[in-house]
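Enquirer: Please see the structure below; I have some questions.
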Amino acid sequence: MTTSKRRYHITTFGCQMNKADSERMAGILEDMGFEFSEDPNHADVILYNTCTIRDNAEQKVYSYLGRQAKRKHEQPDLTLVVAGCVAQQEGEALLRRVPELDLVMGPQHANRLKDLLESVFGGNQVVATEPVHIMEDITQPRRDSKVTAWVNVIYGCNERCTYCVVPNVRGVEQSRTPEAIRAEMEELGRQGYKEITLLGQNIDAYGRDLPGSTSEGRHLHTFTDLLYYVHDVPGVERLRFATSHPRYFTERLIKACAELPKVCEHFHIPFQSGDNDVLKAMSRGYTHEKYRRIIDTIRKYMPDASISADAIVGFPGETEAQFENTLKLVEDIGFDQLNTAAYSPRPGTPAALWENQLSEEVKSDRLQRLNHLVAIKAAERSQRYFGRIEEVLVEDQNPKDPTQVMGRTGGNRLTFFTGDINELKGQLVKVKITEVRAFSLTGEPIEVRQALPV
Ligand code: SF4
Numbered sequence: 428m429t430t431s432k433r434r435y436h437i438t439t440f441g442c443q444m445n446k447a448d449s450e451r452m453a454g455i456l457e458d459m460g461f462e463f464s465e466d467p468n469h470a471d472v473i474l475y476n477t478c479t480i481r482d483n484a485e486q487k488v489y490s491y492l493g494r495q496a497k498r499k500h501e502q503p504d505l506t507l508v509v510a511g512c513v514a515q516q517e518g519e520a521l522l523r524r525v526p527e528l529d530l531v532m533g534p535q536h537a538n539r540l541k542d543l544l545e546s547v548f549g550g551n552q553v554v555a556t557e558p559v560h561i562m563e564d565i566t567q568p569r570r571d572s573k574v575t576a577w578v579n580v581i582y583g584c585n586e587r588c589t590y591c592v593v594p595n596v597r598g599v600e601q602s603r604t605p606e607a608i609r610a611e612m613e614e615l616g617r618q619g620y621k622e623i624t625l626l627g628q629n630i631d632a633y634g635r636d637l638p639g640s641t642s643e644g645r646h647l648h649t650f651t652d653l654l655y656y657v658h659d660v661p662g663v664e665r666l667r668f669a670t671s672h673p674r675y676f677t678e679r680l681i682k683a684c685a686e687l688p689k690v691c692e693h694f695h696i697p698f699q700s701g702d703n704d705v706l707k708a709m710s711r712g713y714t715h716e717k718y719r720r721i722i723d724t725i726r727k728y729m730p731d732a733s734i735s736a737d738a739i740v741g742f743p744g745e746t747e748a749q750f751e752n753t754l755k756l757v758e759d760i761g762f763d764q765l766n767t768a769a770y771s772p773r774p775g776t777p778a779a780l781w782e783n784q785l786s787e788e789v790k791s792d793r794l795q796r797l798n799h800l801v802a803i804k805a806a807e808r809s810q811r812y813f814g815r816i817e818e819v820l821v822e823d824q825n826p827k828d829p830t831q832v833m834g835r836t837g838g839n840r841l842t843f844f845t846g847d848i849n850e851l852k853g854q855l856v857k858v859k860i861t862e863v864r865a866f867s868l869t870g871e872p873i874e875v876r877q878a879l880p881v
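Encoded structure:
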């Protein structure tokens, strides 16, 4: 079967890790001669890269699949693929639910897509969910942006947070070598990428599984060491990283971030709950006091740093008083951004089996109250930008106003200002902030940092 001019479409659900995996799989499909089709109904290979972090995320893919499964009855050579965390969680069961599927592949198999599809084109229905060691990619990801890029540094997670499905679906921690990470970043620098986000479910665990330890018995490779090792990659002007874990967040890392000029002063450190008994039940491995000390230490070294986090409300057994401890922590810390969610029982996680589940009413009431406070605090935090000059990396045109461009400050604040995207894309522009909103800013361009080679 010829693959030239055959077309593919990828729909991605969920987190940055999934988006990065989709870019890798798109790169493989293009390397196989497929072309991207904006419209899935014109594609010959349809791939859904799925998320199962909460039930509503999981349910989304089934409605999409239903439509394409019908289409397959009229177009038998249509290839249907489910990748990502629902694929890993459901495996064979997904074939029973949607017999029209050709390939079910877990996240660890993302860069084996070519071999798996060749088996499908050979007439097989394939399920690839067995744990594997993730080899380095041989094909270039097809990245959505030409300015910012994601680079995986560690796959999987060895933690056992009692609400989280990630360890079951993404497997054990697998760190890439510092050399492989630096090589990918150097290539990105040569291609003109200005900002790189280093990715890991629990990025502070980086290196624990790599051989070698120092004379003091410390892991030779830690995330802090990696930051020092990749900080001077030519052409890359900004470094970000996500997602941090308070259990392993060190003062050594904070000092490094303060010292290394390219590291953006923005930290994403999920706290999940402000109550110690709930944190214990979640098996998070820290207290709210420890979390507060981390934020205080960050603000000691970088007073203006942006702090974002994730929080869960309505965890099994959470009392009104315990929920109020979460509100109190949010009130005290003042987050620039907080991703909030109501607890959703996930298959294969301990907390899903517990008796003391809360009602949907209680959960949505608490979510609403928390979101209300988050917006107030974010608006307060945003005020500090008014009248300041911020450096913004221009990523795109403002979809709502073509006379404006948009990008992010070092503190990860989305910022809009007048400008021509053809001129300013990928440029670092000094912008005087004239308008602040809870989660975004508007300003006037002052100066373009010396035009960097694009
Ligand atoms: S650290 Fe916990 S919440 Fe985060 S991915 Fe791992 S198990 Fe899930």
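First residue of the sequence shown? That's 428 in our numbering, and the numbers climb one at a time after it.
From the three backbone atoms N, C-alpha and C, an ideal C-beta is built for every residue, glycine too.
Could you pull out every unbroken beta strand (DSSP E) segment of at least 3 residues lying fully inside the region 552-606, listed in chain order?
Expert: Segments of the beta strand (DSSP E) lying fully in the region 552-606: 553-555 and 575-579.
Enquirer: If you run the structure through DSSP and keep just helix, strand and coil, what is Ala802?
Expert: Three-state DSSP puts Ala802 in a helix.
Enquirer: So does Glu586 have its beta carbon nearer than 7 angstroms to some heavy atom of ligand 1?
Expert: Checking the Cβ of Glu586 against ligand 1 gives yes.
Enquirer: Check Phe694 in the structure and name its three-state DSSP category.
Expert: Residue state, collapsed to three classes: strand.
Enquirer: Helix, strand or coil for Val789, going by three-state DSSP, please let me know.
Expert: Residue state, collapsed to three classes: helix.
Enquirer: DSSP on Ala865, reduced to helix/strand/coil?
Expert: Ala865: coil per DSSP, three-state reduction.
Enquirer: Which same chain residues end up closer than 8 angstroms to Phe440 when comparing Cβ atoms and leaving out the 5 residues on each side of it in sequence?
Expert: Excluding sequence neighbours, Phe440 sits near Tyr475, Asn476, Thr477, Cys478, Ala484, Lys487, Val488 and Gly511.
Enquirer: Excluding sequence positions up to five away, which residues of its chain have a Cβ less than 6 angstroms from the Cβ of Val875?
Expert: Closer than 6 angstroms at Cβ, skipping near neighbours: Gln854 and Val856.
Enquirer: Could you give the first and the last residue of the continuous beta strand (DSSP E) run that contains Thr439?
Expert: Note, Thr439: beta strand (DSSP E), Arg434 to Thr439.
Enquirer: Is Val593 near ligand 1 - that is, is its Cβ less than 7 angstroms away from at least one heavy atom of it?
Expert: For ligand 1, at least one heavy atom lies less than 7 angstroms from the Cβ of Val593.
Enquirer: Do His658 and ligand 1 come close, with the Cβ less than 7 angstroms from some heavy atom?
Expert: Answer for His658: no, Cβ out of range of ligand 1.
Enquirer: What is the C-beta distance between Asn538 and Ile455, in whole angstroms, given that I count them as a contact (C-beta under 8 angstroms)?
Expert: Confirmed, Cβ separation roughly 7 angstroms.
Enquirer: Applying the criterion that 16 or more other CB atoms from any shown protein chain within 10 Å of the CB defines a buried residue, is Lys621 buried or exposed?
Expert: When all chains shown are included, Lys621 counts as buried.
Enquirer: Going by DSSP in three states, Ile848 sits in which element: helix, strand or coil?
Expert: Helix, per DSSP.
Enquirer: Over the uninterrupted alpha helix (DSSP H) stretch that includes Asp458, give me the two end residues.
Expert: Here the alpha helix (DSSP H) through Asp458 covers Gln443 to Asp458.
Enquirer: Check this for me: beta carbons of Val513 and Leu530, under 8 angstroms apart or not?
Expert: No.
Enquirer: Using the three-state DSSP reduction, which class does Met428 fall into: helix, strand or coil?
Expert: Low confidence applies to Met428: its pLDDT is 45, below 50, so where it sits in the model is not reliable enough to give any reading.
Enquirer: Hey, out of Tyr590, Glu600, Trp577 and Cys591, whose CA is closest to Glu614's CA?
Expert: Considering only alpha carbons, the answer is Trp577.
Enquirer: Please confirm if the region 713-721 is in contact with the region 579-597, defined as three or more CB-CB distances below 8 angstroms between the two stretches.
Expert: Result no; under three Cβ-Cβ pairs closer than 8 angstroms.
Enquirer: On the three-state DSSP scale, how would you describe Ile480?
Expert: Here Ile480 sits in coil by DSSP.
Enquirer: Does the beta carbon of Asn579 fall short of 7 angstroms from some heavy atom of ligand 1?
Expert: For ligand 1, not one heavy atom lies less than 7 angstroms from the Cβ of Asn579.
Enquirer: Report the partner residues of Glu874 according to the DSSP bridge assignment.
Expert: Bridge partners of Glu874: Lys857.
Enquirer: Helix, strand or coil: how does DSSP classify Val881 here?
Expert: In this prediction, Val881 has a pLDDT of 46, which is less than 50 and means its spatial position is unreliable; what the coordinates show is noted afterwards. Val881: coil per DSSP, three-state reduction.
Enquirer: Would Val559 and Met612 qualify as a contact pair, given that the criterion is a beta-carbon distance under 8 angstroms?
Expert: No, they are not a contact pair.
Enquirer: Between which residues of its own chain and Leu800 is the CB-CB distance below 8 angstroms, once the five residues before and five after are set aside?
Expert: Taken in chain order, the residues that qualify are Leu754, Val757 and Glu758.
Enquirer: Would you kindly work out how many angstroms separate the C-alpha atoms of Leu680 and Ile473, rounded to a whole number?
Expert: Spanning the two alpha carbons is a distance of roughly 41 angstroms.
Enquirer: Would you say the beta carbon of Gln831 is closer than 7 angstroms to some non-hydrogen atom of ligand 1?
Expert: It does not: the Cβ of Gln831 is nowhere closer than 7 angstroms to a heavy atom of ligand 1.
Enquirer: Could you please give the first and the last residue of the uninterrupted beta strand (DSSP E) stretch that includes Asn752?
Expert: Careful: Asn752 lies outside any beta strand (DSSP E), inside the alpha helix (DSSP H) at Glu747 to Ile760.
Enquirer: Note down the Cα distance separating Leu653 from Pro605, rounded to an integer number of angstroms.
Expert: If you take the alpha carbons of Leu653 and Pro605, they lie about 6 angstroms apart.
Enquirer: In this structure, how does DSSP classify Val531 when only helix, strand and coil are distinguished?
Expert: Correct three-state label for Val531: strand.
Enquirer: According to DSSP, Met833 sits in a beta bridge with which residue or residues?
Expert: Answer is Asp823 and Phe843, bridged to Met833.
Enquirer: Closer than 8 angstroms by C-beta to Thr842: which residues in its own chain qualify, once you throw out the five before and the five after it? Chain order, please.
Expert: Once the five neighbours on either side are set aside, the close Cβ partners of Thr842 are Glu817, Val819, Met833, Gly834, Arg835, Thr836, Val858, Ile860, Ser867, Leu868, Thr869 and Gly870.
Enquirer: Can the beta-carbon of Leu702 be found closer than 8 angstroms to that of Asn783?
Expert: It is worth fixing the name first, because residue 702 is Asp in this sequence and not Leu. Result no, Cβ atoms of Asp702 and Asn783 do not sit closer than 8 angstroms.
Enquirer: So the alpha helix (DSSP H) Leu522 belongs to, where does it begin and stop?
Expert: Start and end: Glu519 to Arg524.
Enquirer: If you reduce the DSSP assignment to three classes, tell me which class Gly493 lands in.
Expert: The answer is helix: DSSP assigns Gly493 an H, G or I state.
Enquirer: Specify whether the region 774-781 and the region 795-814 touch according to this definition: at least 3 beta carbon pairs, one from each stretch, less than 8 angstroms apart.
Expert: The region 774-781 is not in contact with the region 795-814.
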